[in-house]
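Numbering (the numbering used here), first residue to last: 35 to 353.
I have placed the structure first, in the form of structure tokens, so that the comments after it can refer back to it.
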Amino acid sequence: MLTSLTSKLQFVYKVSEKVLGNNLKSNIKKSIILKSCNRNSNIINPFVNFRYYTTTISKENQQNIHLNKYESIDILSNREIPQSISYFTGKPTYNDLIIRLDDLIFKYRKTPKLQDKNVLPTLWILKQRLDEKLGLCLKTHQYRTIIQKLNQLNIIIPEIAPKLHNFLDLFRRYDLEKEKKLLEAMKTVDQFGRAFTLGKRKEAVAQVWVVEGDGHVIVNGKPMAEYFSLMKDRESILYPFQVTDLLGKYNVWTKVKGGGTTGQADAIAHGITKALIIHDSDLKPILRAANLVTRDTRVVERKKPGLAKARKRYTWVKR
Numbered sequence: 035m036l037t038s039l040t041s042k043l044q045f046v047y048k049v050s051e052k053v054l055g056n057n058l059k060s061n062i063k064k065s066i067i068l069k070s071c072n073r074n075s076n077i078i079n080p081f082v083n084f085r086y087y088t089t090t091i092s093k094e095n096q097q098n099i100h101l102n103k104y105e106s107i108d109i110l111s112n113r114e115i116p117q118s119i120s121y122f123t124g125k126p127t128y129n130d131l132i133i134r135l136d137d138l139i140f141k142y143r144k145t146p147k148l149q150d151k152n153v154l155p156t157l158w159i160l161k162q163r164l165d166e167k168l169g170l171c172l173k174t175h176q177y178r179t180i181i182q183k184l185n186q187l188n189i190i191i192p193e194i195a196p197k198l199h200n201f202l203d204l205f206r207r208y209d210l211e212k213e214k215k216l217l218e219a220m221k222t223v224d225q226f227g228r229a230f231t232l233g234k235r236k237e238a239v240a241q242v243w244v245v246e247g248d249g250h251v252i253v254n255g256k257p258m259a260e261y262f263s264l265m266k267d268r269e270s271i272l273y274p275f276q277v278t279d280l281l282g283k284y285n286v287w288t289k290v291k292g293g294g295t296t297g298q299a300d301a302i303a304h305g306i307t308k309a310l311i312i313h314d315s316d317l318k319p320i321l322r323a324a325n326l327v328t329r330d331t332r333v334v335e336r337k338k339p340g341l342a343k344a345r346k347r348y349t350w351v352k353r
């Protein structure tokens, strides 16, 4: 079948060359439509639906092509070139900062470093301020990565690398006086009889004010029973009062954010514990025996690749 069709096409080309002469050259595209060819018949009419057209370019079109070529070059030359290698990433300013910190760590890797006891504690920039500085919203683990790298650079002796510490000053907090006043206020009762503390658990942070009263607990402007629907969350908040037999003797007003309901409830309980110690330092041994004074530093375990969750595995199916 294939050989017969090939012989038919060769016959058509030969006849067309005789009719058209030298018009069929290498720069002429041949297009043959054999609609009149019947599959069952052995007869082909080469002059039916036969057409050809040239692909040569006229002089006017050649000039237009050259003009368009030069115009495209001008457009490319005027295009703005990204100044950062992280331009096409999701968070270029964050990636540039990480690259800069890694380069500094590698550069000063052999520089003498301070011992742990000689390193002064440093208050680094808050996450909200760093977000404004970088012009984006960092995730918590990204902020922790930056702080970890800053701490690695902070142990280098300042006299040896003054330029490095000038760079680190950009990420230090300058409101130290406010921080000192806040720390002092967190250790004493103010003029209104309130004790202010911060409680933390997982990703939740709670600002807690405790004052002598009749046992009301307000969370983010709502009653505790309205804000926390689960009984175990409400019990964890009131547990410091139960341990010390102080139920119904203090009012609590708190602002909490971040995390889930369980983390927020534990953060409030941690803040209440610290506030009760400010009101009465003799309660500290009782609260410590109940394991309420020390903050619970456990966090959610990360998900592993290839697993459904942190440790849960997919169902194995024999194949």
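Backbone N, C-alpha and C define an ideal beta-carbon position, used for all residues, glycine too.
It should be emphasised that the depicted structure is a prediction, and the values quoted were computed from it without experimental measurement.
Do residue j and residue i count as a contact pair if the criterion is CB distance below 9 Å?
{"i": "T174", "j": "K161", "result": "yes"}
{"i": "G336", "j": "T328", "result": "Reading the sequence as shown, one finds Arg at residue 336 and not Gly. Their beta carbons are not under 9 Å apart, which means R336 does not touch T328 by this criterion."}
{"i": "Q298", "j": "A240", "result": "yes"}
{"i": "K197", "j": "D136", "result": "no"}
{"i": "H304", "j": "D330", "result": "yes"}
{"i": "G249", "j": "N200", "result": "no"}
{"i": "L187", "j": "Y128", "result": "no"}
{"i": "I306", "j": "V242", "result": "yes"}
{"i": "L157", "j": "I190", "result": "no"}
Which stretch, first to last residue, makes up the beta strand (DSSP E) that contains residue i?
{"i": "L168", "result": "L168 -> not in any beta strand (DSSP E); alpha helix (DSSP H) instead, spanning K161 to L168."}
{"i": "V286", "result": "Y284 to K291"}
Which value, in whole angstroms, describes the spacing of the CA atoms of residue i and residue j?
{"i": "N254", "j": "G294", "result": "14 Å"}
{"i": "T231", "j": "V351", "result": "53 Å"}
{"i": "A324", "j": "I312", "result": "17 Å"}
{"i": "R163", "j": "G282", "result": "39 Å"}
{"i": "K167", "j": "R235", "result": "27 Å"}
{"i": "S120", "j": "P146", "result": "32 Å"}
{"i": "A195", "j": "R206", "result": "17 Å"}
{"i": "I132", "j": "F262", "result": "39 Å"}
{"i": "P192", "j": "V333", "result": "34 Å"}
{"i": "T278", "j": "L326", "result": "11 Å"}
{"i": "D130", "j": "S118", "result": "8 Å"}
{"i": "L310", "j": "M265", "result": "23 Å"}
{"i": "I139", "j": "P274", "result": "45 Å"}
{"i": "R228", "j": "T288", "result": "12 Å"}
{"i": "S315", "j": "D224", "result": "16 Å"}
{"i": "K256", "j": "R353", "result": "56 Å"}
{"i": "E114", "j": "R143", "result": "37 Å"}
{"i": "A301", "j": "V290", "result": "8 Å"}
Identify whether residue i lies in helix, strand or coil by the three-state DSSP scheme.
{"i": "K141", "result": "helix"}
{"i": "V242", "result": "strand"}
{"i": "I189", "result": "coil"}
{"i": "N254", "result": "coil"}
{"i": "L232", "result": "strand"}
{"i": "N325", "result": "coil"}
{"i": "K337", "result": "coil"}
{"i": "V153", "result": "coil"}
{"i": "V351", "result": "coil"}
{"i": "K266", "result": "helix"}
{"i": "K147", "result": "strand"}
{"i": "R206", "result": "strand"}
Just to confirm the assignment, what range does the alpha helix (DSSP H) spanning residue i have?
{"i": "N200", "result": "P196 to L202"}
{"i": "L310", "result": "T295 to H313"}
Are any of the Cβ atoms in chain B nearer than 9 Å to that of residue i?
{"i": "K352", "result": "You won't find chain B in this structure, because it holds only one protein chain."}
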